[in-house]
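Q: Position one of the sequence shown corresponds to residue 3 (our numbering), numbered consecutively onward. Virtual Cβ for every residue (Gly too), placed ideally from N, Cα, C. Attaching a single structure in structure tokens format; questions to follow.
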Amino acid sequence: MAARSKKLIAALFVVACGAGLVSPARADLTRSAPRSQSEKARIVSLVPAITEMLFAIGAGPQVVGVGGFDQFPPEVSKLPRLGALLDPDTERILSLRPTLAAIYGSQTDLQSQLERAGIRAYVYRHGGIETIYRTMRELGAATSRASQAERLVRDLQSRVDAVRARVRGRAKPKVLLVLSRQPGTLREIYVSGGVGFLHEMLEIAGGRNVFADVARESAQPSQEAILARAPDVIVEVHAEGMFKTSSVDREKAVWAPLSSLPAVRNKRVHVLIGQYLVVPGPRFAAAAETLARTIHP
Numbered sequence: 003m004a005a006r007s008k009k010l011i012a013a014l015f016v017v018a019c020g021a022g023l024v025s026p027a028r029a030d031l032t033r034s035a036p037r038s039q040s041e042k043a044r045i046v047s048l049v050p051a052i053t054e055m056l057f058a059i060g061a062g063p064q065v066v067g068v069g070g071f072d073q074f075p076p077e078v079s080k081l082p083r084l085g086a087l088l089d090p091d092t093e094r095i096l097s098l099r100p101t102l103a104a105i106y107g108s109q110t111d112l113q114s115q116l117e118r119a120g121i122r123a124y125v126y127r128h129g130g131i132e133t134i135y136r137t138m139r140e141l142g143a144a145t146s147r148a149s150q151a152e153r154l155v156r157d158l159q160s161r162v163d164a165v166r167a168r169v170r171g172r173a174k175p176k177v178l179l180v181l182s183r184q185p186g187t188l189r190e191i192y193v194s195g196g197v198g199f200l201h202e203m204l205e206i207a208g209g210r211n212v213f214a215d216v217a218r219e220s221a222q223p224s225q226e227a228i229l230a231r232a233p234d235v236i237v238e239v240h241a242e243g244m245f246k247t248s249s250v251d252r253e254k255a256v257w258a259p260l261s262s263l264p265a266v267r268n269k270r271v272h273v274l275i276g277q278y279l280v281v282p283g284p285r286f287a288a289a290a291e292t293l294a295r296t297i298h299p
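Below is the structure:
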């Protein structure tokens, strides 16, 4: 379990290295395929966010294989596992005879192999919330489900607007949003910088990111830097597998040595567990709602 969690964390941080890649292969997907072609499509996705989007817009029946870290929706548990960002199983991917493959932007070797096999590649890098909306629309066009994708985008926009409305006018506490650290210690702490969907969700939820001035999706601050920023609230977000739910209280307690922090002094340290909190897919609005309830109880 620990090894799997480390691989998941590594995948999340490598994906965070850039946003909005548009390659010729990806641009081709913005043109809708004929309905008959779409219904016969065989799709593989190595990207949990893309997998969730495909199912959310109704293209789930065309998905024939998924990545090793896909957990949602439950239907993916019955599908072949094809590796992930760092270990794609190219042979198995090709054996499924897909017509469309969603892969990470850093998987250039895999993209070349797919192109040689005549398989369309949807090349993905995540960015901010607008990137989530754009990706949904592009997948809708690629699968002839543009109307379903547009409805999903509008629903998510409405939910996000509702969160903003609920926290409007409230004081905005300074928040340290922790993405990763070694279990049981305050070593190797990674936090949200001022770029990306996690930072944007935090702002929507009515918090002020104490590392908003860092122009990256993640940063690795020292304990001294955290003390200097003096967060009012500390929120950790982790996918399942990093910490056991039963250990949440113990993990919150590791912050006790930094007792001068307002968040620690006022018992405002929160450890949240759930893949929906860290995957930039159609459940991000639910994550924003959770953050808002946590920051503004």
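Decide if Asn211 is buried, meaning its Cβ has at least 16 other Cβ atoms within 10 Å, or exposed.
A: Answer is buried; the Cβ neighbour count reaches 16.
Q: In its own chain, which residues sit with a C-beta less than 6 Å from the C-beta of Val281, not counting the 5 before and 5 after it?
A: If we look at Val281 and ignore the five residues flanking it on each side, its Cβ neighbours are Pro50 and Ala51.
Q: Looking at the secondary structure, which residues open and close the alpha helix (DSSP H) in which Ser146 lies?
A: No alpha helix (DSSP H) contains Ser146, which DSSP labels as neither H nor E.
Q: Around the Cβ of Ser194, are there at least 16 other Cβ atoms within 10 angstroms (buried) or fewer (exposed)?
A: By the neighbour-count rule (16 or more Cβ atoms within 10 Å), Ser194 is buried.
Q: Within a Cβ cutoff of 6 Å, which residues of the same chain sit near Arg94, ignoring the five residues on either side of it in sequence?
A: Contacts found: Leu84.
Q: If you follow the alpha helix (DSSP H) that Ser97 is in, where does it begin and where does it stop?
A: Taken as a continuous stretch (DSSP letters only), the alpha helix (DSSP H) holding Ser97 covers Thr92 to Ser97.
Q: Just to confirm the assignment, what range does the alpha helix (DSSP H) spanning Ala103 have?
A: Here Ala103 belongs to no alpha helix (DSSP H); instead the beta strand (DSSP E) covers Leu102 to Tyr106.
Q: Could you pull out every unbroken alpha helix (DSSP H) segment of at least 4 residues lying fully inside the region 44 to 100, listed in chain order?
A: Fully enclosed alpha helix (DSSP H) runs of 4 or longer: 50 to 58 and 92 to 97.
Q: Express the C-alpha separation of Arg270 and His298 in angstroms, rounding to a whole number.
A: Their backbone Cα atoms lie some 11 Å apart in a straight line.
Q: State the beta-bridge partners of Arg210 as determined by DSSP.
A: Per DSSP, Lys176.
Q: Quick check on DSSP: helix, strand or coil for His272?
A: Strand at His272.
Q: Assuming Leu141 contacts Ile59 under a Cβ cut-off of 8 Å, what Cβ separation, rounded to an integer in Å, is found between them?
A: Yes, they are in contact, since the Cβ atoms of Leu141 and Ile59 sit about 6 Å apart, within 8 Å.
Q: What first and last residue would you give for the alpha helix (DSSP H) that runs through Val250?
A: Residues Val250 to Ala255.
Q: Tell me which residue opens and which closes the alpha helix (DSSP H) that Arg231 is part of.
A: Gln225 to Arg231 is the span of the alpha helix (DSSP H), which, as asked, contains Arg231.
Q: Strictly by DSSP, which residues pair up with Glu140?
A: Per DSSP, none; premise fails for Glu140.
Q: Do three or more CB pairs link the region 199 to 219 to the region 288 to 297 at distances below 8 Å?
A: These segments touch.
Q: Tell me, please, which residues DSSP counts as bridged to Ile236.
A: Answer is Leu178 and Val271.
Q: Between Ala123 and Gln113, is the Cβ-Cβ spacing less than 8 Å?
A: Yes; because the gap between Cβ atoms is below 8 Å, this pair is in contact.
Q: Return the CA-CA distance between Ala290 and Val165, expressed in angstroms with no decimal places.
A: Each residue's Cα considered, the two are about 7 Å apart.
Q: Drop a sphere of 10 angstroms on the beta-carbon of Glu54, count the other beta-carbons inside from all chains shown, and report buried for 16 or more, exposed for fewer.
A: Buried, since its Cβ has 16 or more Cβ neighbours within 10 Å.
Q: From the DSSP output, read off the bridge partner residues of Val193.
A: Looking at the DSSP assignment, Val193 forms a beta bridge with Val180 and Ala221.
Q: Rounded to whole angstroms, how far is the Cβ of Leu263 from the Cβ of Pro233, which I believe are closer than 8 Å?
A: With 8 Å as the limit, Leu263 and Pro233 qualify as a contact, their Cβ atoms being about 6 Å apart.
Q: Where does the unbroken alpha helix (DSSP H) through Ala290 begin, and where does it stop?
A: Here the alpha helix (DSSP H) through Ala290 covers Phe286 to Ile297.
Q: Looking only at its chain, what residues have a beta carbon closer than 8 Å to the beta carbon of Ala27, apart from the 5 residues adjacent to it on each side?
A: Any reading at Ala27 needs caution, since the residue's pLDDT is 36, under 50, leaving its predicted position unreliable; the model's value is listed next. Counting only Cβ-Cβ distances below 8 Å, and skipping sequence neighbours, we find Gln113, Glu117, Arg122, Ala123, Tyr124 and Val125.
Q: Just grab the DSSP bridge partners of Tyr124 for me.
A: BP columns for Tyr124 point to Ala104.
Q: I need the DSSP call for Gln113, collapsed to helix, strand or coil.
A: In this structure, Gln113 counts as helix in the three-state DSSP scheme.
Q: For Ile191 versus Val177, is the C-beta spacing smaller than 8 Å?
A: For Ile191 and Val177, no; Cβs fall outside 8 Å.
Q: Please state the DSSP three-state secondary structure of Met244.
A: Correct three-state label for Met244: coil.
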